[in-house]
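Be aware that the sequence shown starts at 648, since it is given in this note's numbering, and climbs by one per residue. All C-beta atoms in this analysis are idealised placements derived from N, C-alpha and C, irrespective of residue type, glycine included. Bear in mind the structure is a predicted one, so any value in this text is a computation, not a measurement. All remarks here apply to the structure that follows.
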Amino acid sequence: MSVTPDNDNAPDEPLIFIVIGKAYETDGDAEGVDIHVMLRAPDDDTAVREALNALAEEGFLEADLDQIGTLDGIPEEEPHASAYQGALEGEVAIIRFG
């Protein structure tokens, strides 16, 4: 009989992070774009690194990340509900405001 120890520190569901900040598309872009990035990651360091990589892939040169947290349920309103679903499936969702 094989026994796998139960690790109480491991979450039962994947961690879905939301990273909030402002991203800049050009060097002279003083205003920037308000963004929310939603993704699945094992920890906050990985979430920040993956969020910055995704922003770079979308053409952003810089980003100021102000807040990071985990979501403990599916958001009710769009576009966050769709972004959450994408994050569950392994996508990195970038929501732009303005």
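Asked	Found
Proximity winner among D674, V680 and A694, relative to G737 (alpha-carbon distances)	A694
E725 in three-state terms, based on DSSP	coil
For I663 and D719, the rounded distance between their alpha carbons	8 Å
N-terminal and C-terminal residue of the alpha helix (DSSP H) that E704 is part of	D691 to E704
Residue environment, R743, which counts as buried when at least 16 other CB atoms sit within 10 Å	exposed
Any 3 or more C-beta pairs closer than 8 Å across the region 696–706 and the region 673–685	yes
G706: CB within 7 Å of a non-hydrogen atom of the ligand FAD	Within the structure as shown, the ligand FAD is missing, as the structure has no ligands at all.
Close Cβ partners of D691 (< 8 Å) along its chain, the five nearest in sequence each way excluded	F664 and I715
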